[in-house]
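Okay, structure first, notes after.
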Amino acid sequence: MYALVRFIAVIFVSLAFLSACAKDPDSSMTAVDDAPESSEASDTSGSQDESNLIEMELANQSGEEVENLLAHTAVYFGFDEATVTERARQIVKAHAEALVANPTVMLNLAGHADERGTHEYNLALGEQRANAISALFQELGVEASRITTVSFGEELPAVEGSDEESWALNRRVEIAHDLVQ
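Following the working numbering from start to finish, the sequence shown increments by one per residue and tops out at 181.
Laid out in structure tokens, this is it:
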């Protein structure tokens, strides 16, 4: 009986504390506004907003700036990630515009990973990265039939080395088509 009374008292004190925190706008307990929305809602609206932002940025760039983006034939990823960065989106957008303007040119995407992880895992991660870039190209108007993807995993590193700088350069997708050499 004593344990039950004690338990109920703890619950009332906790509720009173939480209620007081919720009413205090300066309380660190009320930082709910910083919480992300559901991933489905935020991914869809964020992706659309980012695409519109990229289109506006590229429209304002000079031909030289777009040409500089076309000179980039690799996009990079974070450790153990297949998430396309904002910089990668800009590069892919420039390549996509060139490919849409040249509908007979084929596109090859080669996914890579750093040396960490098993052979099978790195092949799968390279494939996820290549597929993420392929999906972005398709979203930007390049037909899926013009795109081939392949994963080399860790087999073809861009640089040799077992340090963070080397690993960062090896986590990539290489973009290959006849419009850039």
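Beta carbons: idealized from backbone N, C-alpha and C, even for Gly.
Just so you know, these numbers come straight off a predicted model, no measurement behind them.
Straight-line Cα distance separating residue j from residue i
i, j, result
"Ala96", "His72", "13 Å"
"His119", "Glu139", "30 Å"
"Leu169", "Leu179", "23 Å"
"Glu160", "Ser166", "7 Å"
"Ala88", "Ala82", "11 Å"
"Glu164", "His177", "29 Å"
"Ile175", "Ser162", "24 Å"
"Val105", "Gln90", "20 Å"
"Pro103", "Glu127", "25 Å"
"Glu79", "Asp114", "Strictly speaking, residue 79 in this sequence is Phe, with Glu absent from that position. So the two alpha carbons sit approximately 8 Å from each other."
"Glu86", "Ala158", "22 Å"
Residue i and residue j closer than 9 Å at C-beta
i, j, result
"Val142", "Val100", "yes"
"Val75", "Arg172", "yes"
"Gly192", "Asn122", "Here the chain comprises residues numbered 1 to 181, so residue 192 is not present and cannot be evaluated."
Presumed contact (8 Å Cβ cut-off) between residue i and residue j, rounded CB distance
i, j, result
"Val92", "Leu125", "Contact doesn't hold; Cβ gap of about 19 Å is too wide."
"Arg129", "Phe77", "6 Å"
"His112", "Leu156", "6 Å"
"Arg146", "Leu107", "6 Å"
Any non-hydrogen atom of the ligand ADP closer than 8 Å to residue i Cβ
i, result
"Asp163", "Among the components of this structure there are no ligands whatsoever, and the ligand ADP is therefore not found."
Those residues which DSSP pairs with residue i across a bridge
i, result
"Val173", "Val75, Gly111"
"Thr85", "DSSP, once it has assigned bridges, lists no residue as partnering Thr85."
"Val150", "Ala110"
Runs of 3 residues minimum, wholly inside the region 92-136: which ones carry the beta strand (DSSP E) assignment? 107-112
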